[in-house]
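This report concerns only the one structure given below.
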Amino acid sequence: MNTVRTFFKNADVKKIGVVSFYAYFAINILMKAFSYDHGDNIYKWFFYTAILFWGIKMVFTTYTMWEVFWITVMMGIGVMLSVITRQNMWLLSIMTVVAMKNCRFSVIAQIAVWIRCVAAVILSGGSLIGIFDIGEKTKLDSGYVEQHVYGFAMGEPNTAFLTVFLALLLVLYYNYEKLNVLWCGVTSLIALVFYKMTFCRTGVLVFFFCWVLILFDKVVKSKKIKSVLVCSVPVGAAFSLFTTLLYNGNHALLYKINHLVSGRVYIMNTYYKDQGLSLFPRTQEIFYTSYHGLIDNSYMHVTFYAGILVAVLFFVIILKTMLRLYRMECYKELVMIGTLALYGVLEQFVLNGFMNIFLLLCGILLYPGIVEEKHEK
Numbered sequence: 015m016n017t018v019r020t021f022f023k024n025a026d027v028k029k030i031g032v033v034s035f036y037a038y039f040a041i042n043i044l045m046k047a048f049s050y051d052h053g054d055n056i057y058k059w060f061f062y063t064a065i066l067f068w069g070i071k072m073v074f075t076t077y078t079m080w081e082v083f084w085i086t087v088m089m090g091i092g093v094m095l096s097v098i099t100r101q102n103m104w105l106l107s108i109m110t111v112v113a114m115k116n117c118r119f120s121v122i123a124q125i126a127v128w129i130r131c132v133a134a135v136i137l138s139g140g141s142l143i144g145i146f147d148i149g150e151k152t153k154l155d156s157g158y159v160e161q162h163v164y165g166f167a168m169g170e171p172n173t174a175f176l177t178v179f180l181a182l183l184l185v186l187y188y189n190y191e192k193l194n195v196l197w198c199g200v201t202s203l204i205a206l207v208f209y210k211m212t213f214c215r216t217g218v219l220v221f222f223f224c225w226v227l228i229l230f231d232k233v234v235k236s237k238k239i240k241s242v243l244v245c246s247v248p249v250g251a252a253f254s255l256f257t258t259l260l261y262n263g264n265h266a267l268l269y270k271i272n273h274l275v276s277g278r279v280y281i282m283n284t285y286y287k288d289q290g291l292s293l294f295p296r297t298q299e300i301f302y303t304s305y306h307g308l309i310d311n312s313y314m315h316v317t318f319y320a321g322i323l324v325a326v327l328f329f330v331i332i333l334k335t336m337l338r339l340y341r342m343e344c345y346k347e348l349v350m351i352g353t354l355a356l357y358g359v360l361e362q363f364v365l366n367g368f369m370n371i372f373l374l375l376c377g378i379l380l381y382p383g384i385v386e387e388k389h390e391k
């Protein structure tokens, strides 16, 4: 007992909390990088360990009354959404944000890039040499011709490309200041190779869109012109909402848009006609009674499941975060958010803070110090 007391007396309590948070984050990233989810036993054990580290971080951190108030409000919303919608990603993302005090986003990104790159190499390389099941399947291309695609031990080919995409995105972010034509060529080649092996059109298009945004940031010097980067999420949200509400298969443009996004607009419009929109969160069972397919759109996933009030709050927080980053001239963060804002029109994974670590930047509204202040003007 005396040894324990001596340890806590001499230890830097704040550092204990910070290290615990990084351990919590690393464990969750590791599980996502290797495509484990809550249905796997190994995931449960690692998850419980991560929660233990999260608890240590919260206990060993000193919060102001203002921070305690907002932590209570956010956790209350997270628990409510978890109970009603039976989806835990809301609560986990909120838990991660509220525990970020005294931590650095640059360290979080560094942890994520190393874990995701190592995992992508192990899974893809191991599949190619026969250690893991390469998961060969067939898939129809846009011309209805069968193509051989591979899951690389990650289940679905789309999941495999997403794993590579997230690793590449983090590599680009981590090395942003060094990016040049060579970086563009090498990363594009990797993306195209995995596109040929997974036939994930969505992912490869978003990857090249990322490079368009990077080029825009590198070439344009005017801060006023760069303000368009703040528009990515509002544009994605408006596009998703209007196409959902106004879709008509007889309208040539809307029909073409629906075709380009593989029928996602039709699915969302059908849910809207059947279930409508609600101010408050709703249970999954409501949507299962008339199932029309996955809502593969982050903006409408929030709106349908969490309700209009929570969706508006969520988008306001995102917009305030982007405006804060813009004022701090954190353009590389805005480029990454803009890239994932487009992916959010086509997938729902961007709502998960361990898949989309840039969602965690919302923490700057509560803890400004998580992003280096050297950018601030």
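Read left to right, the sequence shown gives residues 15 to 391 (this note's numbering).
The C-beta atom is built at its ideal place from N, Cα and C for all residues, glycine as well.
Considered as a whole, the region 289 to 364 harbours 298 to 302, 312 to 315, 322 to 341, 345 to 360 as its complete alpha helix (DSSP H) runs of no fewer than 4 residues, in chain order.
Between the C-alpha atoms of residue 225 and residue 79 there is a straight-line separation of about 43 Å. The straight-line gap separating the alpha-carbon atoms of residue 278 and residue 370 is approximately 21 Å. When DSSP states are grouped into helix, strand and coil, residue 386 belongs to the coil group. Residue environment for residue 130: buried (at least 16 other C-beta atoms within 10 angstroms of its C-beta). The shortest C-alpha to C-alpha distance from residue 218 to any of 249, 171, 113, 188 is the one to 171. Residue state for residue 162 is assigned as strand, using DSSP reduced to three classes.
With the rule of 3 Cβ pairs closer than 8 Å, the region 65 to 81 counts as touching the region 26 to 41. When beta bridges are read from the DSSP output, residue 150 appears opposite 164. Shown here for residue 127: same chain residues with a beta carbon closer than 7 Å to its own, the five before and five after excluded, namely 184, 185, 188 in chain order. The C-beta distance from residue 167 to residue 137 rounds to 5 Å, short enough to meet the 8 Å contact threshold. Pairwise C-beta distances place the region 265 to 272 out of contact with the region 311 to 324, as fewer than three of them are shorter than 8 Å. In this structure, the CA atom of residue 94 is about 23 Å from the CA atom of residue 334. Residue 241 is positioned such that its CB atom lies no closer than 8 Å to that of residue 355.
Residue range 27 to 47 is occupied by the alpha helix (DSSP H) that includes residue 42.
Close CB contacts of residue 169 within its chain, under the 8 Å cut and outside five residues either way in sequence, are with 49, 149 (chain order). Residue environment for residue 347: buried (at least 16 other C-beta atoms within 10 angstroms of its C-beta). In the structure shown, residue 274 falls within a helical segment according to DSSP collapsed to helix, strand and coil. According to the DSSP assignment, residue 240 belongs to the alpha helix (DSSP H) that extends over 237 to 240. Under the Cβ criterion (8 Å, minimum of three pairs), the region 84 to 92 counts as touching the region 102 to 112. As for any beta strand (DSSP E) of minimum length 3 sitting wholly inside the region 78 to 142, there is none. The alpha-carbon of residue 221 is positioned some 21 Å away from that of residue 161. In the three-state scheme derived from DSSP, where H, G and I count as helix and E and B as strand, residue 70 is classed as helix. DSSP, read as helix, strand or coil, puts residue 258 in helix. Between residue 253 and residue 267, the alpha-carbon positions lie close to 13 Å from each other. The three-state secondary structure of residue 53, taken from DSSP, is coil. Taking a contact to require three or more Cβ pairs closer than 8 Å, the region 35 to 46 and the region 58 to 65 qualify as touching.
In the three-state scheme derived from DSSP, where H, G and I count as helix and E and B as strand, residue 191 is classed as helix.
Between residue 244 and residue 340, the CB-CB gap stays under 8 Å. If you draw a straight line from the Cα of residue 97 to the Cα of residue 229, it comes to about 43 Å. In the three-state scheme derived from DSSP, where H, G and I count as helix and E and B as strand, residue 380 is classed as coil.
Assignment of residue 211 by DSSP, reduced to helix, strand and coil, places it in the helix class.
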